[in-house]
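In what follows, a single structure is set out as C-alpha cells and then discussed.
In the numbering used here, the protein residues as written are 2 to 124.
Spelled out as C-alpha cells, the structure:
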C-alpha cells in the first residue's frame, strides 16, 4: 500500500475516514502477525507506512472535529477552554483592554478640573 495523500483524506466524510481507519488497523494487525511468524521483508517494511497512514487519518479526523466545534461556538458568548487561544498563563490572566482603560469617578473629575495645559513658546 502506497502512502496516503492527506489532501485526498480531507475530501472524505467522517464515515469514510472511520472505515479507512478500520481497514488500516486490520492490515496492521495482519502485518504484525506476519512479523512474528517470520514474514517476507517487504511486509515488515510496510508496517511503518501503515502506521503513518493511521496517524494521518486520525489527525484529519481530529482536525475536522475541531473545525466543526469552532464553527459551532463561533457566535457564542463563551468558548470551551481547548478552543481559546493558548498564549501564556500571565497573558491569560491580564485585564482586558476595556477593563484596563476604565477610570474611577474621582479620576474622571480630576482630569476634567485639571486638564493638560496647552502652551507654546514664542521664538
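Backbone N, C-alpha and C fix where the C-beta goes; we use that ideal spot for every residue, glycine too.
Asked: Tell me whether residue 120 sits in a helix, a strand or coil according to DSSP, three-state version.; Found: coil
Asked: Quick one: using the 10 Å Cβ neighbour count with 16 as the cut-off for buried, is residue 21 buried or exposed?; Found: buried
Asked: Can the beta-carbon of residue 80 be found less than 7 Å from the beta-carbon of residue 74?; Found: yes
Asked: Applying the criterion that 16 or more other CB atoms from any shown protein chain within 10 Å of the CB defines a buried residue, is residue 51 buried or exposed?; Found: buried
Asked: Could you check the C-alpha separation between residue 96 and residue 109 for me, to the nearest Å?; Found: 20 Å
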